[in-house]
Structure formats: structure tokens, C-alpha cells
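Below is one structure, written out as C-alpha cells; comments come after it.
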């Protein structure tokens with residue numbers, strides 16, 4: 001459904017589901033109205049800073065946010081990363097399978113240390129990975145992350161610098177845990193067929 005808006009007496013349609021059309025998308029229509037050429041997204045899928053936590057859960061959440069101190073994320077970005085990784089914000093990666101859980105500092109640190117120490121990613125690299133694929137923090141370290149790195153090495157010969165470059169380009173490979181082998185099982189965001 002579209003609702004009408006006007007811009008210098010030109011009627012335009014703005015989708016009611018919360019997205020704003022950019023000046024690049026329709027410069028002849030919106031050019032005079034939109035000063036910025038960047039997309040603005042007004043979505044309902046933003047982190048809720050008023051999440052209902054008891055005191056212990058709030059402390060655990062805040063301690064996990066402290067694990068990001070070397071990445072210089074804003075508080076909102078930290079909440080968004082944790083929210084997507086642990087089911088508080090819906091993402092296509094998890095479908096509806098991810099139940100909301102409070103992140104454990106030990107698990108978050110294990111994953112960050114694995115990325116840093118075993119995969120030789122710098123803090124800047126990890127920052128990029130977390131921005132592109134925050135769900136990596138919610139993936140199981142042994143069954144998914146380490147297993148996928150082994151698959152990349154054994155089946156594709158990707159390790160070392162090639163692995164680093166791949167992870168910066170497409171960090172979602174760390175979370176692939178389905179291989180439909182061409183017979184789709186409708187879990188495409190986690191399927192090796194995308195690789």
C-alpha cells in the first residue's frame with residue numbers, strides 16, 4: 001500500500017512499510033526534495049533499548065557489550081549486534097528458529113578470540129565481519145565456525161590470506177550449516193550452495 005506525499009507539487013508514492021526512496025532512485029522526482037544522496041531506512045527492526053531483562057540478565061548483556069570496547073561501536077551498534085546474534089532482533093539468517101537468549105560473555109569472548117587468534121583477523125577485520133554478519137556471535141563455535149573453516153580449507157583450499165580476504169568479503173560462510181546439494185530445503189541464507 002502506498003501513501004501519497006507531495007514534493008514541490010509533484011505527487012510521489014512512499015511505501016508505508018517504512019522505507020524512504022533515495023534521490024538516486026528517482027532523481028527527477030525527488031532531486032529537489034531530498035538533499036542527501038544516501039539511503040535512509042526507517043525500519044521497525046531496530047534494537048529495543050528497553051528490553052525486559054532482570055538485573056542479572058542486564059549485567060550479562062552489558063558485560064557482553066564491554067567485549068566490543070576495542071571496536072569502537074556505538075551503544076546502539078553493540079545492542080544491534082547482540083540483538084541479531086541472540087534472537088532479540090529478527091534476521092533472515094535465523095528464520096524463526098532462533099529463540100531469544102541472553103548472550104554469555106564467555107561465549108562471545110571465545111568467538112572473538114577464535115576470530116582474532118586462530119583466523120588472524122585484526123580488530124578492524126573483526127569490526128567489518130561483525131557489521132556484515134553479526135549473527136556470527138550466535139553461531140556455535142565448534143559445530144559451525146571451526147567446522148566451516150575446515151571445510152573451506154579441505155574442500156576449497158582456502159586458508160591463510162585467502163581465508164581472511166574471503167571472510168572480509170563474505171563472512172556469512174562462517175555460518176553455513178546446510179548443504180542442500182541442489183535439492184532446496186528453503187534455508188538458503190545458511191546454505192553452502194550460495195558459496
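In full-length UniProt numbering, the protein residues as written are 1 to 195. Heads up, the beta-carbon is just placed ideally off N, CA and C, and yes, glycines get one too. This one's a predicted model, so the numbers in the text were calculated from it and none came from an experiment.
- Within a 10 Å sphere around the beta-carbon of residue 148 sit 16 or more other beta-carbons, which makes this residue buried.
- Straight-line measurement puts the Cα of residue 82 at about 17 angstroms from the Cα of residue 54.
- Under the 8 angstroms Cβ criterion, the stretch 59-74 does not count as touching the stretch 158-175, having fewer than three qualifying pairs.
- Taking a cut-off of 8 angstroms on C-beta distances, the stretch 100-107 does not touch the stretch 118-134, as fewer than three cross pairs fall below it.
- Excluding the 5 residues flanking it on each side, residue 123 has same chain C-beta neighbours closer than 8 angstroms at 70, 71, 116, in chain order.
- In the structure shown, residue 180 adopts coil according to DSSP, grouped into three states.
- Taking C-alpha positions only, residue 142 is separated from residue 110 by approximately 11 angstroms.
- Selection 98, 190, 154 evaluated against residue 85 yields 98 as nearest (Cα-Cα).
- Residue 95 and residue 189 have their alpha carbons spaced roughly 9 angstroms apart.
- If you look at residue 72, you'll find it isn't in any alpha helix (DSSP H); DSSP assigns it neither H nor E.
- For residue 191, the beta-bridge partners assigned by DSSP are 178.
- In this structure, residue 139 sits near residue 175, with a CB-CB distance shorter than 8 angstroms.
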